[in-house]
Amino acid sequence: MEEREALLAISPASRKWDAKRDLVRPRQRISHATLVAEGILGRFALFADGRRQITALHFPGDMADLHSVPVTISGWGLTALTPAIVYEVPHSDLRMISERYDAIAMAFWRDTVVDSSILAKWVSVMAAMKASERLAHLLCEIGIRRQMAGLGSGTSFVLPFPQVQLADILGLTPIHLNRMIGELRALGLVESLDRGLKVLDHRGLCCLADFEDSYLLLPPR
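Under UniProt numbering, the residues of the sequence shown are numbered 1 to 221, in order.
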């Protein structure tokens, strides 16, 4: 297939990142988009006092910042929430193949639509849900997305990154987050382990958060 050959002809740079390292800093000039091969990345906003708000999660197979192609200076940062391997795909190559092949351009367009849909859902969840419901909703989403990325079960898993970063996603202080984890633990939905937070009852979390996955725009099953 011609489109497949065009994609395979691109030779992106491969890079390994340790957890807690920033791949892209806000206001950094960039000339590539980041394809996640292994690990989980977070997109974040950075405030003047050093606080961060993680605004998106990216799993293997995700193009973490495809929307960076039309711009030259990032308005966000990308950080490795876990050890990660990524491919840095030059903007020039992405522009060339999207201009040449309509199917590839449509796939890129769909990718940005999915990204926008998830962001819109996160905004509504942050605005309308209690903290414990927000935590439950996020754990439900992580379960589904890690399963879609081939990272194992989506219904019983250990959260793969530290709770301080979980707090940065939910807009909570670590103390407040610990209280919310305690609430979910009392309901038998999660368990606290030395290596992280373990999801025990995915269905129960979904019920608590009134979770439905249509906003993820998953492919037909």
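Built from N, CA and C at the ideal position, the CB exists for glycine as well.
Note that the structure is predicted; figures quoted are calculated from it, not measured.
Own chain residues within Cβ distance below 7 Å of glycine 143, not counting five before or after
Indexing the sequence shown from 1 puts residue 143 at position 143. Contacts found: Gly154, Thr155, Phe157, Val199, His202.
Who does tryptophan 122 pair with in a DSSP beta bridge?
The residue you call residue 122 lines up with position 122 of the sequence shown. Note: tryptophan 122 sits in no beta bridge, so no partner.
I'd like to check one pair, proline 60 with glutamate 88: are the Cβ atoms closer than 7 Å?
Locating residue 88 in the sequence shown gives position 88, counting from the first residue. Locating residue 60 in the sequence shown gives position 60, counting from the first residue. For glutamate 88 and proline 60, no; Cβs fall outside 7 Å.
Have a look at histidine 91 and leucine 81 and give me their C-alpha separation to the nearest angstrom.
Here residue 91 is taken as the residue at index 91 of the sequence shown, counted from 1. Here residue 81 is taken as the residue at index 81 of the sequence shown, counted from 1. So the two alpha carbons sit approximately 24 Å from each other.
Segment limits, beta strand (DSSP E) that includes serine 214:
Along the sequence shown, one-based indexing puts residue 214 at 214. Serine 214 -> no beta strand (DSSP E), and no H or E assigned at all.
Residue closest to glycine 75, alpha-carbon to alpha-carbon, out of Cys206, Phe47, Asp102, Ile97
On the sequence shown, position 75 is the one that residue 75 refers to. Glycine 75 has its Cα closest to that of Phe47, out of Cys206, Phe47, Asp102, Ile97.
Below 8 Å, can you find three or more Cβ-Cβ pairs linking the segment 115 to 125 to the segment 214 to 221?
yes
Please state whether DSSP places alanine 186 in a helix, a strand or coil.
To locate residue 186, count along the sequence shown from 1; it is residue 186. Of the three classes helix, strand and coil, the one that applies to alanine 186 here is helix, per DSSP.
Quick check: the Cα distance between lysine 16 and alanine 149, rounded to an integer number of angstroms?
Here residue 16 is taken as the residue at index 16 of the sequence shown, counted from 1. Here residue 149 is taken as the residue at index 149 of the sequence shown, counted from 1. Near 19 Å, if we compare the C-alpha coordinates of alanine 149 and lysine 16.
Sub-7 Å separation of alanine 64 and threonine 112 beta-carbons
Taking the sequence shown and counting its residues from 1, one reaches residue 64 at position 64. Taking the sequence shown and counting its residues from 1, one reaches residue 112 at position 112. Cβ atoms of alanine 64 and threonine 112: not closer than 7 Å.
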